[in-house]
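*Asks:* First the structure, then my questions, so here it is.
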Amino acid sequence: KPYLEVDDEYIGCNKIIFASEDFSSIEHLDIQAEPQPSERGFSSFKFLPDSEEKIIVGLTTVEAGDQVTTSIIAFDLQGKILFPETRFIDDKYEGLAFFKHPATTSSGTMIKVLPWSIAIITLLTQILHLPIIFR
């Protein structure tokens, strides 16, 4: 079906397409999540560091009419959901980054973090409203 801008907000799906650098090999992955509304799509995803490129963390967004939301999800290369899609903000986030940084709780206790865990901790603290300070 040809692309029509009028349909743009309603063409999301539960698939990811993988291609080799020269496009000689193209495969798709069916994500084993509940069928999602067609207005939901991925705005960003990255392989989780230290997962040997076997775990994907993604941001899904809805941008339909006046509704704009962003959720986070994690799944493996077989499409199995490892962290269910969880809405965390009524805004559109289009990037996902993992970086190493020490963290402490509000009481000053140091938290040992892996290089990739800081972004997930930040999102989870927003979802759960936990007090945490990053230095």
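The sequence shown runs 102 to 236 under the working numbering. Think of the CB as a built atom: it goes at the ideal place given N, C-alpha and C, for glycine as much as any other residue.
With distance defined between alpha-carbon atoms, name the residue in A120, L130 and G196 nearest to K181.
*Replies:* L130
*Asks:* Short of 6 Å in beta carbon distance, which residues of its chain neighbour G196, apart from the five on each side in sequence? Order them along the chain.
*Replies:* S145
*Asks:* Let's test the definition: count the other Cβ atoms within 10 Å of the Cβ of R141 and tell me whether it reaches 16, buried, or not, exposed.
*Replies:* So R141 ends up on the buried side.
*Asks:* Leaving out five residues before and five after V169 in sequence, what residues of the same chain have Cβ atoms less than 8 Å from its Cβ?
*Replies:* T162, V163, D191, D192 and K193
*Asks:* Excluding the 5 residues flanking S139 on each side, which residues of the same chain have their C-beta closer than 8 Å to its C-beta?
*Replies:* For S139, where only same-chain residues beyond five positions count, the Cβ hits under 8 Å are Y111, I112, G113 and C114.
*Asks:* Which parts of the region 104-173 are runs of the alpha helix (DSSP H), unbroken and 4 residues or longer, counting only runs that do not cross its ends?
*Replies:* none
*Asks:* Near L183, which residues of its chain fall below 8 Å by C-beta distance, leaving aside the five closest residues on each side in sequence?
*Replies:* I156, A175, F176 and D177
*Asks:* Rounded to whole angstroms, what is the Cα-Cα separation between R188 and T171?
*Replies:* In a straight line, the C-alpha of R188 is about 6 Å away from that of T171.
*Asks:* Measuring CA to CA, which of F143, S152, D151 and G166 is closest to G159?
*Replies:* The shortest Cα separation from G159 among F143, S152, D151 and G166 belongs to F143.
*Asks:* Could you check what DSSP says for K102 in three-state terms: helix, strand or coil?
*Replies:* Looking at K102 - three-state DSSP - the assignment turns out to be coil, as it is neither helix nor strand.
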